[in-house]
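Structure first, commentary second.
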Amino acid sequence: MQNKKDLNELFQPLLFVGCGSLLTICSYILYQRGFRKYSSPDLIPRFMYGKYLFGHIVEACDSDNVRFKHIPLFRILGNKNVEYQNKKLMYKNTMNIRLAGIDAPEMSHFGKTAQPFSKEAMEFLNKLTKDRYAIIKPLRLDRYSRLVAMVYVRKGLIIKNVSLDMIRAGYATIYSGIDAEYDGKLNKFKKCEAKASVYYLTFIQKMFISLVGRSCYQLTPILTADALHI
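What follows is the structure, given as structure tokens:
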């Protein structure tokens, strides 16, 4: 009996410590997933990659980038879209999201001229995503510290994959760099790209591609094994 009592006295503190640690870990995860607001990709913990974040798209900032405002899960019903008075305030409260798995013609940046059809691609992306509630699935950070994510928007009762819709409409191609992320949807991307080449590209786009080659659409510098010194 004495030995049993001694064992109980030994394991009881350990049980309290174990339960307390488990409760702390669960509380931390619940806070990170349900209550904390992320305004920068750097703030998102690694264990949240591959999980879903809720919010809305403020606007497209390039042909394959959008500004995303994260709204924690347990506060989503009480939030409305916000009109930002200036770009600086918007950048402070939103994240730059790079659409996973695709590449689209780039707008003019840093003295570089706009790529062909970049305006049309960006207009299509804005029409598809601007001021819409969205779900993103973070996959990784790219070399420009942008969050590469699979982005979904709601249109009525339908949830649409933005990357797939960009390919389907002929405004983007599959990004094929060594750093590409497809979230298991590469086959779907290939099927959509094949259909877009036949049904959705305009005659001018087809003619342009035939003259200068599809490589003109691979506008984000492709990250190769040599570039990574692998």
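In this note's numbering, the protein residues as written are 162 to 391. Using N, Cα and C, we set each Cβ at its ideal position, and we do this for glycine too.
For residue i, the three-state DSSP class (helix, strand or coil)
i      : result
Tyr343 : coil
Phe350 : helix
Asp223 : strand
Ile365 : Because Ile365 carries a pLDDT of 45, less than 50, the predicted location of this residue cannot be relied on, and the following value inherits that uncertainty. Reduced to three states, the DSSP call for Ile365 is helix.
Leu325 : helix
Asp292 : coil
Tyr434 : Look at the range of the chain in this structure, 162 to 391, and you will see that residue 434 is not part of it.
Leu302 : strand
Phe208 : helix
Lys230 : strand
Status (buried if at least 16 other CB within 10 Å, exposed otherwise) for residue i
i      : result
Phe208 : exposed
Tyr313 : buried
Leu260 : buried
Given residue i as reference, the closest of the options once Cα atoms are compared
i      : options                           : result
Cys222 : Glu267, Val314, Lys321 and Ser324 : Glu267
Glu354 : Gly338, Ile339, Ala333 and Thr274 : Ala333
Arg329 : Lys253, Gly216, Leu289 and Gly272 : Leu289
Glu342 : Asp326, Pro202 and Gly211         : Gly211
Lys349 : Arg228, Ile263 and Arg197         : Ile263
Pair within 8 Å by beta-carbon distance, residue i and residue j
i      : j      : result
Ile258 : Ile297 : yes
His231 : Leu250 : no
Ser306 : Pro202 : yes
Ser224 : Ser269 : no
Lys273 : Pro233 : no
Any chain D beta carbon closer than 8 Å to residue i
i      : result
Tyr343 : Judged by its chain identifiers, the structure shown contains no chain D, having just a single protein chain.
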